[in-house]
Structures are given as C-alpha cells and as structure tokens.
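Enquirer: There's a structure below that I have some questions on.
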Amino acid sequence: EPEVTQTPSHQVTQMGQEVILRCVPISNHLYFYWYRQILGQKVEFLVSFYNNEISEKSEIFDDQFSVERPDGSNFTLKIRSTKLEDSAMYFCASSTRGETQYFGPGTRLLVL
Amino acid sequence: AQSVTQPDIHITVSEGASLELRCNYSYGATPYLFWYVQSPGQGLQLLLKYFSGDTLVQGIKGFEAEFKRSQSSFNLRKPSVHWSDAAEYFCAVVLSGGYQKVTFGTGTKLQVIP
C-alpha cells in the first residue's frame, strides 16, 4: 500500500540554523500539507499546498517557514532560522481530493 | 467557536474489555469526521472516517465509530481491546468542501492492562 515517507526521521540543529524537512507524498495525490506536534500537545495545521501554491496557512506559518515542491515527487518544509520553540514532530500529509489525508511517520526536530 | 473535544485525556482498560472513546465537535455544518491512532514514536494512522450515509462506520483493527448528529458526536468503539491497541487516539474533522486542513482533538491516551 502506498505510503507517505519523510526524511530524516530525526534532526538536531542549532538555534538560528536552517533546516529542510523532506516528504514524498503518495504518488497520485494532489494536495499536500504540513502539520506539527509539540511534545505533549495536539497536532496543529501549518500549511496546505495545491497546484504549486499555498492554499491555506496558519498563523504559526510565518515568514520563517516556506514550502516547495521542487520536483514531481518531493514536498519540502524549510525553516530559515530555527528557534527553540520550533522543536516538534513535523508531519507531512497528502490527499487526492483534500478530504482524507494520509500522514507520514514524522520528523522529530530538536533545536538546541 | 469551531472545535473538536475529546473529554478523556487518559483511559485505562483491561485487555479483552470493551472500549469507547468520546469525541464531540462544534461546527456549523457536519464536517467530515476521522479517527487517527498514534503509537508511541510513530506517525498518525487513519483508523476510519465518516462522510455521509450509514452512521456506523467500520475501520481497521476491529474499530468502529458511530456518528450521532443530534449529539454532535463521533465516538470510537472496540468490543475487545488487545494490548497492542495501547496508543494515543485522535478525533479529527475536516470541513466539507475540498482541500481543508485537519483539525485534531487533544487526543486520548489509551493504556491496556493485562
């Protein structure tokens, strides 16, 4: 069964550094998303992406964040200058028509 | 305000016992409804979903959920819990109409004791 994959599974970085989290959505899916889950808290929406542009973004998704679909398979989340409070599990998700989203295993980001 | 509520933060059941996890939503119209499960250190796996039609939906791993419009609820059930069901369960909604974000409840952590 097709799955969403994410790399790396864990990333440790220094505050102020740039990180890129990578996702490979399910191949025939058209809608892509990023969510995050701070330890002990609920999963929060960051951004949705369709037709090569952002469809919706939350107030969390400020200018430090950007998303890109650089080729036909990858979907990336970039954090330009990481802060301590960016430490979280980041989930990528994809869907065919936007209603049922399938999630990847997540990337655990730790900012020191 | 629109919200998804899971009133039970933590539930402990004995292996073999039945399980019901509660979920209530507050939206103007009936959204699409989902249950996801997150095992420790793992991602979010879709258990089941409800869009319309039969209000009792079957999912994977022997789970089912019942949609009750009058109560704005979508409770998850399993008749006999296995130790491997220990995980965190999230109720979630998507507003009908396309590429909408998933809004998650706060989750219910299930502990299964022998």
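If you read the sequences in order, they're chains A and B.
Final position of the first sequence in our numbering is 294; the numbers increase by one with none missing.
Final position of the second sequence in our numbering is 153; the numbers increase by one with none missing.
A virtual CB, placed ideally from N, CA and C, is assigned to each residue, including glycine.
Because the structure is a prediction, the values reported are computed rather than measured.
Going by DSSP in three states, Leu221/A sits in which element: helix, strand or coil?
Expert: Coil at Leu221/A, not helix or strand.
Enquirer: Quick check: Gly146/B and Phe285/A, are their CB atoms within less than 7 Å of each other?
Expert: Not a contact, by the Cβ cut-off of 7 Å.
Enquirer: With 7 Å as the C-beta to C-beta threshold (strictly closer), list the residues of the segment 222-235 of chain A near chain B in chain order.
Expert: Residues passing the 7 Å Cβ filter: Lys224, Val225, Phe227, Ser230, Tyr232.
Enquirer: I want to verify the contact list: residues of chain B whose CB lies under 7 Å from the CB of Thr189/A, in sequence order.
Expert: Here the premise fails: no neighbours, minimum Cβ distance about 13 Å.
Enquirer: For a cutoff of 7 Å on Cβ pairs, would you count Phe243/A as touching chain B?
Expert: No - not a single Cβ of chain B is within 7 Å of the one on Phe243/A.
Enquirer: Could you tell me the boundaries of the beta strand (DSSP E) in which Leu85/B lies?
Expert: 83-89 is the extent of the beta strand (DSSP E) around Leu85/B.
Enquirer: Measuring straight from C-alpha to C-alpha, what distance separates Gln223/A and Tyr71/B?
Expert: Going by the C-alpha atoms only, they are around 23 Å apart.
Enquirer: List in chain order: all unbroken beta strand (DSSP E) runs of 3+ residues lying wholly within the segment 68-148 of chain B.
Expert: Fully enclosed beta strand (DSSP E) runs of 3 or longer: 71-77, 83-89, 95-97, 103-107, 112-117, 126-133.
Enquirer: For Gln283/A and chain B, any beta-carbon pair shorter than 7 Å?
Expert: Chain B contact via Cβ: present.
Enquirer: Which residues bound the beta strand (DSSP E) around Val65/B?
Expert: Before going on, a small fix: residue 65/B reads as Ser here, not Val. Start and end: 63-65.
Enquirer: How do the segment 75-95 of chain B and the segment 273-293 of chain A stand: do at least 3 beta-carbon pairs fall below 8 Å, yes or no?
Expert: Judged by Cβ distances under 8 Å, the segment 75-95 of chain B makes contact with the segment 273-293 of chain A, as three or more pairs qualify.
Enquirer: Pull the bridge partners of Ala275/A from the DSSP assignment, please.
Expert: Answer is Tyr215/A, Phe285/A.
Enquirer: Considering Cα atoms alone, identify which of Cys274/A, Asn210/A, Gln199/A is closest to Val249/A.
Expert: The shortest C-alpha separation from Val249/A is found at Cys274/A.
Enquirer: Between Pro46/B and the rest of its own chain, which residues show a CB-CB distance below 6 Å, the 5 nearest in sequence each way excluded?
Expert: Excluding residues within five positions, the ones whose Cβ falls inside 6 Å are Arg61.
Enquirer: Taking DSSP as the reference, what is the three-state secondary structure of Glu183/A?
Expert: Of the three classes helix, strand and coil, the one that applies to Glu183/A here is coil, per DSSP.
Enquirer: Examine chain A for any beta-carbon lying closer than 7 Å to the beta-carbon of Gly82/B, and answer yes or no.
Expert: Yes, its Cβ sits closer than 7 Å to a Cβ of chain A.
Enquirer: Within 10 angstroms of the Cβ of Met271/A, are there 16 or more other Cβ atoms? Answer buried if so, exposed if not.
Expert: So Met271/A counts as buried.
Enquirer: Who are the near neighbours of Val52/B in its chain, counting only those whose CB is closer than 8 Å to its CB and skipping five residues on each side?
Expert: Correct list, in chain order: Leu58, Val120, Leu149, Gln150, Val151, Ile152.
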